[in-house]
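A.B. asks: Got a structure here, written out as structure tokens. Questions coming.
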Amino acid sequence: MQPVNDIPKITDINRTNIFNLTLLIFLLVCLTNLSVS
């Protein structure tokens, strides 16, 4: 039963990682736009 209980935790970690990645990409795009302009 432990693996089944661990699955939600893994999905939560993946969600936070995806959210952080999107934030980083957004910041990078903003920085590149500022540098170009």
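The sequence shown lines up with residues 3 to 39 when you count with our numbering. Idealized CB from N, CA, C, for every residue including glycine.
#1: Where does S37 sit, in a helix, a strand or coil, going by DSSP?
#2: Could you compute how far the alpha carbon of D14 sits from the alpha carbon of L29?
#3: By Cβ distance, which residues of its chain are closer than 8 Å to P10, with the 5 residues on each side in sequence left out?
#4: Is there a Cβ of chain E sitting closer than 9 Å to that of N35, yes or no?
C.D. replies: Here's the rundown:
#1: helix
#2: 23 Å
#3: none
#4: No chain E appears in this structure, which consists of one protein chain only.
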